[in-house]
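Engineer: Before we start, here is the structure in question, set down as structure tokens.
Residue numbers (the working numbering), protein chains in the order written: chain L, 1 to 483; chain Z, 484 to 813.
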């Protein structure tokens, strides 16, 4: 039993780590293409080289992020079988349609990414822009298909089991999970917030270092628009997701709130540490009756607490409540910033000031924090979803402990994954940092370039990544990173 | 033919596509590893240029096969996952490192270590993956794999031989394909003889390995070998004809014919194995009928596959056509 517990912890840790790693890239695959659709469209319309510079810069970052996302996603599809063979044996059939459709969405994305990244000179400017659309659409659809799987694991529907064997599955089962709608909207908004926030953060840092040119201003404006428009919408989506959890996974909601005692007049608790032994939250901010009010619109509404399930069937309240608090605090901060920025923009417009976006030091510092805040909130949100599902791998049908591999290779494989991924992430950060610093590539802003849409001189990674012009490495800008 | 059989046919088609397209990308990495002499740099450039726009799309075939396996034949995937973890983990390391190293070299501009380091990572990991997948395939044919001994597949001489054969086959494909890419531009035309020689070398190694593996095959995988003798001889003959035809066509500078013939050589071998493997998925452990998911689910997947292929095939053709010619110069 001790051995099994070790195996299960390792398998869970490995899955959590690989998923977190993958999601950090996948969000850019969802968000960046839509932003590229906008910037390249502006360039097509105006011929303004600044729009082209932004497009090129982001497309190169996208190339790297997409590739790492693609290979880490492949690892995940294998890991389902390697780490959770019993889960896949039993429910693989039910999830087949979702994964197949996700596979084709990924196919479409990969094909058009190839055309987009390497087709600068082979396609007309307009055709090149059009290749972004299938990328953006299939990236979003990939999210949709994957969320159907996760929603189904949380709140399964459409399967009939007898004597531990699945005897009937509806092919469309994953699409019928009531958890699908709220999870999908919540995740898509999160992806936009993360991608937009990281872009905003990079340009805000650049501006804080004194590079206050049009290039930086526009980059900041686009990223900040994405994150700050999505943030208030996320409040609605999050509320929907919370209600869905309350209805279909009451124990998850109880863990999120650190609510032990079933009953009416349940408090809304933010922060603090849920104590497993006493069932109390220590040091949290408690609003009496608020949770009942939020969920049932009355303080008399009875909320299910963790005490309604035997201890071995409860999710880990400490972890889930902690992650939930992180997500709520960061999300609220982003919503507050969204409101403040909106207010400032309106005021500047009334006064006829330009640019509309406030770019004082405190504003830029706040903008620089949006990216990391959104990423952290997203990871915490996934911890809430997955931690709150415990101890089930398929809610009410199969426990995580029954799904795990019995092999003893788990420890070295996990150590290997950890080393490999951390090494790759480190290298990637160095590369993105080089891309991020120093402003647009010099070659894109040379004087006398034709102002209308033309065949741009592409970065030429085909020949090993060096050089956009004759003999000149495509270091961005003047090569100084301001440090 | 049941819907499970049909799904299996679709999976072998996917596997063939992965071998002929993705396999050649890995084979390019093998030649990157083996590039020597004053031309080495331009060889590596040609390899990098020819796989750049397509490797991600080619890679998706593998995801397609894995998804079809775990959705269509879930118990088989459970067995594969718990007893082939060593070769599969090795293949994954190769896949992750190959992809990451490729983009890090292409876009990194040296920010995360010199490009040639990533070049070496790219080349070595490109060799690991086909080797590990060859070992995996051999284990499915011999059935010598168990949950209690994950090292078993890597101890088998036949398995290791199949791994080498897979590397040689991908290298052969890549060399044949690269001849055409090299011939497409005067700048790289001097590389044609280099890759022609390599294609010959690859073909010879494949032939020698195949002959050496035959007795082991009969001994280690008697069930599949028996069916192989009964069913697969025409396909193997086709494969041999394809191999010879590819070399003849290369000698005459008919690069397109050479590509098709090389594809026939590798594809014939794969189908020969697949047909001999049927109806076992893992010999002695799992058959198609044991493992098939309920047929409504498989039918739903087949509809999704057909719909998906209708959507992705036209852009895929456009992708390959777009990059057949060298980049226009301004």
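Using N, Cα and C, we set each Cβ at its ideal position, and we do this for glycine too. As the structure is a computational prediction, the values presented were derived from the model and not from experiment.
1. Please name the residues in the segment 200–214 of chain L whose beta-carbon is closer than 7 angstroms to at least one beta-carbon of chain Z, in chain order.
2. Just the chain L side, please: which residues come within less than 9 angstroms of residue 542 of chain Z by C-beta, in chain order?
3. Got a sec, what are the start and stop residues for the beta strand (DSSP E) residue 269 of chain L sits in?
4. Give a yes or no on whether the minimum CB-CB distance between residue 442 of chain L and chain Z is below 8 angstroms.
5. Can you tell me whether residue 153 of chain L is buried or exposed? The criterion is at least 16 other CB atoms within 10 Å of its CB, across all chains shown.
6. With which residues is residue 285 of chain L paired in a DSSP beta bridge?
7. Are there three or more Cβ pairs, one per stretch, closer than 8 angstroms when the segment 286–298 of chain L is compared with the segment 215–230 of chain L?
8. List, in chain order, every chain Z residue whose beta-carbon is nearer than 9 angstroms to that of residue 96 of chain L.
9. Using a C-beta cutoff of 8 angstroms, does residue 586 of chain Z count as contacting chain L?
10. List, in chain order, every chain Z residue whose beta-carbon is nearer than 8 angstroms to that of residue 518 of chain L.
11. Taking Cβ-Cβ distances shorter than 8 angstroms, what residues in chain Z pair up with residue 229 of chain L?
12. Rounded to the nearest angstrom, how far is the Cβ of residue 389 of chain L from that of residue 594 of chain Z, given a contact under 8 angstroms?
13. Note down, in chain order, every chain L residue with its Cβ under 8 angstroms from the Cβ of residue 491 of chain Z.
14. Please list the residues of the segment 488–516 of chain Z that have a C-beta atom closer than 7 angstroms to any C-beta atom in chain L, keeping them in chain order.
15. Just the Cα atoms here: how many angstroms apart are residue 32 of chain L and residue 58 of chain L?
16. If the criterion is Cβ atoms closer than 8 angstroms, does the pair residue 686 of chain Z and residue 726 of chain Z meet it?
17. Using a Cβ-Cβ cut-off of 8 angstroms, state whether residue 806 of chain Z counts as contacting chain L.
18. Do you know how far the Cα of residue 303 of chain L is from the Cα of residue 262 of chain L?
19. When you check each C-beta in the segment 259–279 of chain L against every C-beta of chain Z, which residues fall closer than 8 angstroms?
20. Which residue marks the beginning of the beta strand (DSSP E) containing residue 703 of chain Z, and which one marks its end?
21. In whole angstroms, give me the CA-to-CA distance for residue 663 of chain Z and residue 656 of chain Z.
22. Who does residue 399 of chain L pair with in a DSSP beta bridge?
23. What residues in the segment 573–584 of chain Z bring their beta carbon closer than 7 angstroms to a beta carbon of chain L?
24. Hey, residue 125 of chain L and residue 34 of chain L: beta-carbon distance below 8 angstroms or not?
25. Give the DSSP bridge partners of residue 159 of chain L, in chain order.
26. So with CB distances below 7 angstroms, who are the chain L contacts of residue 537 of chain Z?
27. Within the continuous beta strand (DSSP E) that includes residue 764 of chain Z, where are the two ends?
28. Would you please state the rounded distance, in angstroms, between the beta carbons of residue 77 of chain L and residue 546 of chain Z? I believe it to be under 8 angstroms.
29. Any C-beta of chain Z sitting closer than 8 angstroms to the C-beta of residue 100 of chain L?
30. Taking the alpha helix (DSSP H) that residue 227 of chain L belongs to, which residues open and close that run?
31. For residue 221 of chain L, collect the residues of the same chain with a Cβ closer than 7 angstroms to its Cβ; drop the 5 residues on either side in sequence, then sort them by chain order.
32. Can you check whether the C-beta of residue 431 of chain L is within less than 8 angstroms of a C-beta belonging to chain Z?
33. Using the Cβ count rule (16 or more neighbours within 10 Å means buried), how would you classify residue 252 of chain L?
34. Looking at the secondary structure, which residues open and close the alpha helix (DSSP H) in which residue 324 of chain L lies?
35. Can you find a CB in chain Z that lies within less than 8 angstroms of the CB of residue 78 of chain L?
36. Comparing the C-beta of residue 611 of chain Z with each C-beta of chain L, is any distance below 8 angstroms?
Structural biologist: Here's the rundown:
1. none
2. As a working mapping, residue 542 of chain Z is identified with position 59 in the second chain. Within 9 angstroms Cβ-Cβ: 70, 71, 74, 110.
3. For the purposes of this step, residue 269 of chain L is taken as the residue at position 269 of the first chain. Counting along the chain, the beta strand (DSSP E) containing residue 269 of chain L begins and ends at 268–270.
4. Numbered from 1 along the first chain, position 442 holds the residue referred to as residue 442 of chain L. Here the model assigns residue 442 of chain L a pLDDT of 39, short of 50, so the residue's position is not dependable and the matter cannot be decided.
5. For this step, residue 153 of chain L is matched to residue 153 along the first chain. By the neighbour-count rule (16 or more Cβ atoms within 10 Å), residue 153 of chain L is buried.
6. Within the first chain, the letter at position 285 stands for residue 285 of chain L. L:270, per the DSSP bridge assignment.
7. no
8. Mapped onto the first chain, residue 96 of chain L falls at position 96. Those within 9 angstroms of residue 96 of chain L in chain Z are 550, 551, 553, 554, 555, 557, 776, 780, 781, 783, 784, 787.
9. The residue given as residue 586 of chain Z occupies position 103 in the second chain. Judged by the 8 angstroms Cβ criterion, residue 586 of chain Z is in contact with chain L.
10. Past the boundaries of the shown model lies residue 518 of chain L; chain L is included only from 1 to 483, so the question cannot be answered.
11. Numbered from 1 along the first chain, position 229 holds the residue referred to as residue 229 of chain L. Here the premise fails: no neighbours, minimum Cβ distance about 30 angstroms.
12. Numbered from its first residue, the first chain carries residue 389 of chain L at position 389. Numbered from its first residue, the second chain carries residue 594 of chain Z at position 111. Rounded, the Cβ-Cβ distance is 39 angstroms, inconsistent with contact.
13. Within the second chain, residue 491 of chain Z is the residue found at index 8, counting from 1. What residue 491 of chain Z touches in chain L: nothing, since even the nearest Cβ is about 14 angstroms away.
14. none
15. Here residue 32 of chain L refers to the residue found at position 32 when the first chain is read from its first residue. Here residue 58 of chain L refers to the residue found at position 58 when the first chain is read from its first residue. Roughly 8 angstroms separates the two Cα atoms.
16. Residue 686 of chain Z sits at position 203 when you count from the first residue of the second chain. Residue 726 of chain Z sits at position 243 when you count from the first residue of the second chain. Yes; because the gap between Cβ atoms is below 8 angstroms, this pair is in contact.
17. Residue mapping note: residue 806 of chain Z aligns to position 323 of the second chain, counting from 1. Yes, its Cβ sits closer than 8 angstroms to a Cβ of chain L.
18. For the purposes of this step, residue 262 of chain L is taken as residue 262 along the first chain, with counting starting at 1. For the purposes of this step, residue 303 of chain L is taken as residue 303 along the first chain, with counting starting at 1. Those two C-alpha atoms are separated by around 6 angstroms.
19. none
20. The count along the second chain starts at 1 and reaches residue 703 of chain Z at position 220. Where residue 703 of chain Z is concerned, there is no enclosing beta strand (DSSP E), although the alpha helix (DSSP H) it sits in stretches over 675–703.
21. Counting from one through the second chain, the residue named residue 663 of chain Z turns up at place 180. Counting from one through the second chain, the residue named residue 656 of chain Z turns up at place 173. Between residue 663 of chain Z and residue 656 of chain Z, the C-alpha separation is close to 12 angstroms.
22. Locating residue 399 of chain L in the first chain gives position 399, where the first residue counts as 1. Bridge partners of residue 399 of chain L: L:392.
23. 575, 576, 578, 579, 582, 583
24. As a working note, residue 125 of chain L is residue 125 in the first chain. As a working note, residue 34 of chain L is residue 34 in the first chain. Going by C-beta atoms, residue 125 of chain L is not nearer than 8 angstroms to residue 34 of chain L.
25. Along the first chain, one-based indexing puts residue 159 of chain L at 159. Answer is L:169, bridged to residue 159 of chain L.
26. Against the second chain, residue 537 of chain Z aligns to sequence position 54. Result: 114.
27. Along the second chain, one-based indexing puts residue 764 of chain Z at 281. Residues 763–765.
28. Taking the first residue of the first chain as position 1, residue 77 of chain L is located at position 77. Taking the first residue of the second chain as position 1, residue 546 of chain Z is located at position 63. Sure, about 6 angstroms apart at Cβ, within 8 angstroms.
29. As a first step, residue 100 of chain L must be located in the first chain, where it is residue number 100. Yes, its Cβ sits closer than 8 angstroms to a Cβ of chain Z.
30. Locating residue 227 of chain L in the first chain gives position 227, counting from the first residue. From DSSP, the alpha helix (DSSP H) with residue 227 of chain L extends over 214–248.
31. In the first chain, residue 221 of chain L corresponds to position 221, counting from 1. Within the same chain, residue 221 of chain L has close Cβ partners 357.
32. Residue mapping note: residue 431 of chain L aligns to position 431 of the first chain, counting from 1. Yes, because at least one Cβ of chain Z sits closer than 8 angstroms to the Cβ of residue 431 of chain L.
33. To locate residue 252 of chain L, count along the first chain from 1; it is residue 252. So residue 252 of chain L counts as buried.
34. Here the question's residue 324 of chain L lines up with position 324 in the first chain. Start and end: 317–350.
35. Mapped onto the first chain, residue 78 of chain L falls at position 78. Taking Cβ atoms only, chain Z reaches closer than 8 angstroms to residue 78 of chain L, which makes this a yes.
36. For the purposes of this step, residue 611 of chain Z is taken as the residue at position 128 of the second chain. Judged by the 8 angstroms Cβ criterion, residue 611 of chain Z is not in contact with chain L.
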